[in-house]
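Residue numbers (this note's numbering): 11 to 187.
Below, the structure written as structure tokens:
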């Protein structure tokens with residue numbers, strides 16, 4: 011029984027092959043991560059979208075700012091319709107009477123809508139006053155209350171002046187007494 015078998019020892023070639031495989035695996039993981047990072051940096055930096063034709067046009071070669079495309083019309087100045095002054099009492103419950111005084115302007119989507127808004131003015135006033143009479147003084151406190159009031163008045167104005175589109179309600183005076 012004296013024959014001892016020698017265990018195969020790893021040769022230098024096997025060690026080199028395993029080291030080469032480890033580098034290959036590292037490259038297969040690192041290259042996509044690095045490329046993704048570069049792509050994200052270019053995208054969020056605003057460089058990649060114009061190159062792909064997806065973002066705003068940048069600057070022309072002459073250094074002039076890029077304008078709108080030739081077929082696109084230039085932005086029209088906004089059109090406004092003046093609302094009459096509204097004085098209404100708020101729903102204060104059993105407490106003392108609380109009044110609100112509102113002067114506003116309606117910003118219209120198109121200047122042609124002004125005639126339709128003027129024709130619907132009695133309906134607009136009725137809807138605005140009815141809504142204001144149901145509000146409580148607490149609902150109008152702070153900028154959040156003013157914002158909610160604006161959003162509700164825009165919705166009501168769009169319903170009352172149906173074919174015309176009201177973009178915004180601008181408060182020129184809002185007093186609560």
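Where is the CB? At the ideal position from N, CA and C, for every residue including glycine.
Residue from 150, 130, 106 whose Cα sits closest to the Cα of residue 168: In the chain shown, the residue the question calls residue 168 occupies position 158. Restricting attention to 150, 130, 106, the CA atom closest to the CA of residue 168 is found in 130.
Limits of the unbroken alpha helix (DSSP H) element including residue 99: Position 89 of the chain shown, counted from the first residue, corresponds to residue 99. Careful: residue 99 lies outside any alpha helix (DSSP H), inside the beta strand (DSSP E) at 96-99.
Three-way DSSP call (helix, strand, coil) for residue 182 in this model: By 1-based counting over the chain shown, the position of residue 182 is 172. Of the three classes helix, strand and coil, the one that applies to residue 182 here is strand, per DSSP.
Residues near residue 123 in its chain [Cβ-Cβ closer than 6 Å; skip 5 each side]: Within the chain shown, the letter at position 113 stands for residue 123. If we look at residue 123 and ignore the five residues flanking it on each side, its Cβ neighbours are 174.
Outcome for residue 134 when other beta-carbon atoms lying within 10 angstroms are tallied against a minimum of 16: If you number the chain shown from 1, residue 134 lands on position 124. Buried.
Cβ shell of residue 106 (< 8 Å), same chain only, five flanking positions each side left out: Counting from one through the chain shown, the residue named residue 106 turns up at place 96. For residue 106, where only same-chain residues beyond five positions count, there are no Cβ hits under 8 Å.
Closest by C-alpha distance to residue 156, when choosing among 103, 64, 114: The residue labelled residue 156 in the question sits at position 146 within the chain shown. It is 114.
Residue 146 at chain C interface by Cβ criterion, 7 Å: This model lacks chain C altogether; it includes just one protein chain.
Any non-hydrogen atom of the ligand NAP within 6 Å of residue 110 CB: Here there are no bound small molecules, and the ligand NAP is not part of this structure.
For residue 104, three-class secondary structure by DSSP: On the chain shown, position 94 is the one that residue 104 refers to. Note: residue 104 maps to coil in three-state DSSP.
Within the stretch 107-171, ranges of the beta strand (DSSP E) (whole runs, at least 3 residues): List check, beta strand (DSSP E) in window: 109-118.
Outcome for residue 176 when other beta-carbon atoms lying within 10 angstroms are tallied against a minimum of 16: The count along the chain shown starts at 1 and reaches residue 176 at position 166. Buried, since its Cβ has 16 or more Cβ neighbours within 10 Å.
Buried versus exposed call for residue 137 [16 or more other C-beta atoms within 10 Å across all chains shown]: Within the chain shown, residue 137 is the residue found at index 127, counting from 1. Residue 137 should be labelled buried.
Coil, strand or helix - residue 174 by DSSP: Position 164 of the chain shown, counting from 1, holds the residue named residue 174. If DSSP states are grouped into helix, strand and coil, residue 174 belongs with coil.
Residue 40, DSSP secondary structure in three states: Taking the chain shown and counting its residues from 1, the one referred to as residue 40 is at position 30. Note: residue 40 maps to helix in three-state DSSP.
Neighbour-count burial assignment, residue 166, 16 or more Cβ in a 10 Å radius: Within the chain shown, the letter at position 156 stands for residue 166. Flag for residue 166 reads buried.
Contact set for residue 183: own chain, Cβ-Cβ below 6 Å, skip 5 residues either direction: Walking along the chain shown from the start, residue 183 turns up at place 173. The answer, listed in chain order, is 113.
Where residue 189 falls, given that 16 or more other Cβ within 10 Å makes a residue buried: Outside the modelled stretch of the chain, which goes from 11 to 187, sits residue 189, for which no answer is possible.
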